[in-house]
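One structure below.
There are 2 protein chains.
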Amino acid sequence: MEHIEAIKEFDGWLNRYQHDSVTCHCRMAFSVYLPPQARAGKVPAVYWLSGLTCTDDNFRVKAGAQRYAAELGLALVIPDTSPRGADVPDAERYDLGQGAGFYVNATQAPWSRHYQMYDYVTRELPALVETELPLIPGLRSITGHSMGGHGALICALKEPGLYRSVSAFAPICHPMASGWGQGCFKTYLGNNRETWVAYDATRLIEEGATAMPLLVDQGTADEFLMEQLHPLSLERVCAARNFSLTLRMQEGYDHSYHFISTFIGEHLAWHAKALQVVQTKS
Amino acid sequence: MEHIEAIKEFDGWLNRYQHDSVTCHCRMAFSVYLPPQARAGKVPAVYWLSGLTCTDDNFRVKAGAQRYAAELGLALVIPDTSPRGADVPDAERYDLGQGAGFYVNATQAPWSRHYQMYDYVTRELPALVETELPLIPGLRSITGHSMGGHGALICALKEPGLYRSVSAFAPICHPMASGWGQGCFKTYLGNNRETWVAYDATRLIEEGATAMPLLVDQGTADEFLMEQLHPLSLERVCAARNFSLTLRMQEGYDHSYHFISTFIGEHLAWHAKALQVVQTKS
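Protein chains in written order, with my numbering: chain V, 1 to 282; chain D, 283 to 564.
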């Protein structure tokens with residue numbers, strides 16, 4: 001992988017890399033924040049999956065997460081939201097194609113060659129960064145926002161043991177019931193809705209996914225709450241399945257990074273606890 | 283003034299306003315973060331002056347300052363960097379005209395009608411926000427970045443008593459010796475360099491400005507350090523005049539908001555102390 005940028009922040013380094021992805025068949029970019037503790041030894045990593053239209057840039061610029069990561073000794077691994085490039089299929093819409101990979105493995109032409117974001121995020125990227133960077137192999141947690149909150153939930157639900165903990169900000173909890181999810185699933189996965197179940201957090205829990213504690217923050221002033229996000233569907237199936245869900249309806253908060261910045265510290269502390277990180281700098 | 287946006291963040295509110303400026307003769311936008319403490323009573327304010335090409339948006343999105351402001355009970359007042367609009371003179375260059383007001387009162391046509399940012403920032407805006415918002419009248423500090431660091435320094439140096447404290451990130455310490463400063467001063471103030479002295483921090487101290495403690499952070503990997511910023515000129519005149527300067531050369535940091543985000547907490551704590559704010563939330 002090619003190291004294309006290094007910016008010092010909170011005594012650690014915010015790095016950007018590019019590599020030729022064998023999973024997505026294109027050049028992919030991602031960012032990794034390495035906290036100061038990574039100079040002395042390997043550290044655990046929290047993966048951040050971003051929402052529609054984002055690249056790796058939005059989170060690293062807007063969320064204010066690096067301060068907490070530096071305090072807690074956590075690396076932040078921040079992938080892009082889709083394959084990219086002139087050869088990669090795209091759509092005119094903001095919620096389909098490049099910037100909208102939805103963290104699935106596409107099965108339909110012409111998308112299937114490149115849109116393999118599920119395997120990219122859960123397999124190729126961890127293997128790459130745990131080989132090349134001072135990260136403790138296998139010691140990972142995952143979180144994200146909106147489409148990326150959906151991504152975090154399905155990755156953790158589908159891969160017992162791959163992540164120590166999972167959380168999400170305003171996730172698309174039940175994409176089969178949301179316009180965003182239906183548009184992408186139909187395009188990437190085809191018309192057979194049974195194939196969509198494998199990428200729907202609410203349905204995965206309903207179908208018997210292995211229980212793990214879920215932390216979800218959702219703003220009550222989020223403009224997408226009613227039509228796209230469906231946290232109450234998630235709450236309903238978690239209750240039915242005795243799944244531990246901490247769903248915090250945050251009064252007055254919207255869908256923006258200002259909402260994320262307010263609560264990212266609590267999420268990283270939650271993950272640090274699961275990763276058994278001892279706070280080494282404050 | 284018109285309240286055009288309110289976003290909840292750290293239990294306070296990030297607001298954006300527009301008003302017809304009588305100083306700049308155009309519609310001006312600015313942001314104010316009101317911490318949760320402002321619900322119970324009036325709070326002190328820290329003014330943030332941004333750098334070239336910025337609006338009020340950069341700082342509020344990228345600096346991560348609202349977390350500290352919420353902890354310390356400080357409002358953040360974030361003006362634009364120039365007058366704006368189709369009727370306002372502009373230039374093709376990024377470092378002249380709209381986005382590059384340089385915090386001076388222009389004397390040269392056609393700039394002088396609108397480019398009165400010094401009076402706007404030190405007079406009109408404080409009077410407006412202290413009338414309309416829950417801010418303690420007269421209890422203000424000021425800081426900023428690059429062109430805005432220059433602005434913060436000259437506002438504090440030229441107006442003894444107007445600000446309780448001042449700090450700056452990578453300020454243009456001696457604009458008369460920098461290409462950015464020379465270009466703007468020549469355009470806005472004319473060819474007589476004696477008129478430039480009134481807006482040059484290094485020269486103001488040399489000419490006998492009233493002493494007040496200065497806190498300046500400067501990254502050693504800042505691409506603009508040698509040609510544009512001249513912190514050592516500031517250091518030299520402060521030493522000669524027994525002016526208290528804390529100049530921190532921060533090893534490896536660049537000119538970006540990642541640098542600002544790393545140290546904004548320490549700057550706000552410095553201002554909170556000068557404003558005698560008791561920490562009420564942590």
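For each residue, glycine too, the CB sits at the ideal point set by N, CA and C.
For this session: Enumerate in chain order the residues of its own chain whose CB-to-CB distance from Ser303/D is below 7 Å, with the five nearest sequence positions on each side excluded.
Result: Met310, Tyr402, Glu406
For this session: Assess, as a yes-or-no matter, whether the region 72 to 90 of chain V is touched by the region 106 to 115 of chain V under the definition of 3 or more beta carbon pairs within less than 8 Å.
Result: yes
For this session: Confirm, please, whether the CB-CB distance from Met176/V to Gly219/V is below 9 Å.
Result: no
Exercise. Whose Cβ in chain V lies nearer than 8 Å to the Cβ of Cys505/D?
Worked result: A small correction: the amino acid at residue 505/D is Glu; Cys does not occupy that position in the sequence shown. The premise fails here: Glu505/D is roughly 12 Å from chain V at the closest Cβ pair, so nothing lies under 8 Å.
Exercise. Does Ile360/D have its Cβ less than 9 Å from a Cβ in chain V?
Worked result: Output row for Ile360/D: interface = no.
Problem set entry | Inter-residue Cα distance where the pair is Val370/D and Ile360/D | Roughly 21 Å between the two C-alpha positions.
Problem set entry | Proximity test, Cβ basis, 9 Å: Ala274/V and chain D | With its beta carbon at least 9 Å from every one in chain D, Ala274/V lies outside the interface.
For this session: Put Ile454/D into one of helix, strand or coil per three-state DSSP.
Result: Coil, per DSSP.
Problem set entry | Run of the alpha helix (DSSP H) containing Glu71/V, from where it starts to where it stops | Per DSSP, the unbroken alpha helix (DSSP H) holding Glu71/V starts and ends at 65 to 72.
Problem set entry | Chain-order list of residues whose beta-carbon lies under 8 Å from that of Ala211/V (same chain, five-residue window excluded) | Arg241, Asn242, Phe243, Ser244
Problem set entry | Bounding residues of the alpha helix (DSSP H) (the contiguous stretch that carries Lys440/D) | 429 to 440
Problem set entry | According to DSSP, residues forming a beta bridge with Asp302/D | DSSP output for Asp302/D lists Arg309/D as bridge partner(s).
For this session: Check the C-beta distance from Ala483/D over to Leu514/D and give it rounded, since I have them as a contact under 8 Å.
Result: With a Cβ gap of about 13 Å, Ala483/D and Leu514/D do not count as contacting.
Exercise. Comparing the C-beta of Arg349/D with each C-beta of chain V, is any distance below 9 Å?
Worked result: yes
Exercise. Can you list, in chain order, the stretches of the alpha helix (DSSP H) that have 4 or more residues and sit fully within the region 455 to 504 of chain D?
Worked result: 461 to 471, 483 to 488
Problem set entry | Proximal residues to His427/D (C-beta, below 7 Å), its chain only, five neighbours per side dropped | Ser332, Gly333, Phe451, Ala452, Ile542
Exercise. Residues bridged to Ile289/D by DSSP?
Worked result: DSSP output for Ile289/D lists Leu296/D as bridge partner(s).
Problem set entry | Paired residues, beta bridge with Thr425/D - DSSP | Trp330/D
Exercise. From Asp57/V, Val32/V, Leu153/V, pick the residue whose C-alpha is nearest to that of Ala70/V; which is it?
Worked result: Ranking Asp57/V, Val32/V, Leu153/V by Cα distance to Ala70/V puts Val32/V first.
Exercise. When we look at the beta-carbon of Lys555/D and count the other beta-carbons within 10 Å, is it buried (16 or more) or exposed?
Worked result: exposed
Problem set entry | Contacts of Gly346/D in chain V (Cβ-Cβ under 8 Å) | Those within 8 Å of Gly346/D in chain V are Gly64, Arg67, Ser261.
For this session: Using beta-carbon positions only, say whether Leu34/V and Ala269/V come within less than 9 Å of one another.
Result: no
Exercise. Who does Gly379/D pair with in a DSSP beta bridge?
Worked result: Ala382/D
For this session: Excluding the 5 residues preceding and the 5 following Ser282/V in the sequence, name in chain order all residues of the same chain whose CB lies nearer than 7 Å to its CB.
Result: With a pLDDT of only 42 at Ser282/V, under 50, the local geometry of the prediction cannot be trusted, and no value is derived from it.
Exercise. Is Pro44/V buried or exposed, if buried means 16 or more other CB atoms sit within 10 Å of its CB?
Worked result: For Pro44/V, the number of other beta carbons within 10 angstroms of its own is at least 16, and it is reported as buried.
Exercise. So, is the C-beta of Tyr17/V closer than 9 Å to a C-beta in chain D?
Worked result: no
For this session: Can you have a look at Thr246/V and say buried or exposed, based on whether 16 or more other CB atoms are within 10 angstroms of its CB?
Result: It is exposed - the Cβ of Thr246/V has fewer than 16 other Cβ atoms within 10 Å.
Exercise. Would you call the CB atoms of Asp377/D and Gly490/D closer than 9 Å?
Worked result: no
Problem set entry | Per DSSP, cross-strand counterpart(s) of Gln33/V | A small correction: the amino acid at residue 33/V is Tyr; Gln does not occupy that position in the sequence shown. Tyr33/V is bridged to Leu14/V, Leu76/V.
Problem set entry | Proximal chain V residues relative to Ser538/D, where beta-carbon distance stays under 8 Å | Ile7, listed in chain order.
For this session: Say whether the region 409 to 427 of chain D touches the region 468 to 483 of chain D, bearing in mind that this needs 3 or more beta-carbon pairs closer than 8 Å, one atom from each stretch.
Result: no
For this session: Closer than 7 Å by C-beta to Glu132/V: which residues in its own chain qualify, once you throw out the five before and the five after it? Chain order, please.
Result: Residues Met1 of the same chain have their beta carbon placed closer than 7 Å to that of Glu132/V, with the five preceding and five following residues left out of the count.
Problem set entry | Candidates Val46/V, Leu225/V, Glu251/V, Leu76/V, of which the one nearest Arg16/V by Cα | Leu76/V
For this session: Say whether chain V places a C-beta atom closer than 9 Å to the C-beta of Val343/D.
Result: yes
For this session: Give me the Cα-Cα distance between Gln37/V and Leu162/V, rounded to the nearest whole angstrom.
Result: 23 Å
Exercise. Mind checking if Asp293/D is an interface residue toward chain V, Cβ cutoff 9 Å exclusive?
Worked result: yes
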